[in-house]
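Residue numbers (our numbering): 33 to 280. Ideal Cβ positions, reconstructed from N, Cα and C, are used throughout, including at glycine. Structure record follows, encoded as structure tokens.
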């Protein structure tokens, strides 16, 4: 069924784009008309083809047969990330320095337009954590609430991750935002075992969990398949509390 899902996180640089890319690849490989956007990004360098927008663009390379009227299997960078801010800062500061016309209404309107195209689903990746300011009076969480979309929450396993992750989950729930699933993305350095971290998160959060270990590129297709299967099971309400896939 066409619809959307918002991918956010408890912080920055913990795996949102990786999760979004693998999920998009897996869903498209299953023949679903899935797409992904990251409307706002900071630290944009036009000469860098490894940006989050480029990674999402490349993840569209697993297309199903397109319906008439679609723009094509691989979207343009401007269709993925219309607000590309050069300063590697919170968007409310980066946009001000660049004099970029980034407003809540324009951002929400762009997302609603893309949602109306009927993607199955449209994955909308946020910027930074769930409570990063987009403007002086508008947070990522406000953006999610305006769109009324369920959330995939990405958390990590570094020192302090439990506090940040649980606090983010509780704050989203307090705003009436539905967290449909949590992905625990393993950090390169962690104070305790990954299994202990996942179990600790699960003790304080109700949504189903997907434990995503650090993997090398040869395992990316397996991660894509596993994430897509988990996502579809979430939609059917047929998923266990913890999914720990074998990605070797």
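Non-local C-beta neighbours of residue 87 in its own chain, meaning closer than 6 Å and more than five positions away in sequence, comprise 49, 53, ordered along the chain. The region 256–273 makes contact with the region 57–65, as at least three CB pairs between them are under 8 Å. Under the three-state reduction of DSSP, residue 54 is assigned to helix. Taking C-beta atoms under 8 Å as the contact rule, residue 126 and residue 74 qualify, at a distance of about 5 Å.
Linking residue 223 to residue 191 through their CA atoms gives a straight-line distance of about 6 Å. Secondary structure in the region 146–175: the beta strand (DSSP E) runs of 3 residues or longer, each lying completely within the stretch, are 154–157, 165–167 in chain order. Here the C-alpha atom of residue 188 lies approximately 17 Å from the C-alpha atom of residue 238. Of the residues 196, 261, 267, 266, the one whose Cα lies closest to the Cα of residue 232 is 196. The continuous stretches of alpha helix (DSSP H) do not include residue 210, and DSSP gives it neither H nor E. Membership of residue 267 in the alpha helix (DSSP H) is indicated by the continuous run 252–268. Here the region 152–169 lies against the region 116–124, with 3 or more beta-carbon pairs under 8 Å apart. Distance from residue 181 to residue 38 at the Cβ level is roughly 5 Å; contact confirmed, criterion being Cβ atoms closer than 8 Å. Counting C-beta pairs with one atom in each stretch, the region 64–71 and the region 266–273 have fewer than three that are closer than 8 Å, which means they do not touch.
For the 8 Å CB-CB criterion, residue 172 and residue 212 do not form a contact.
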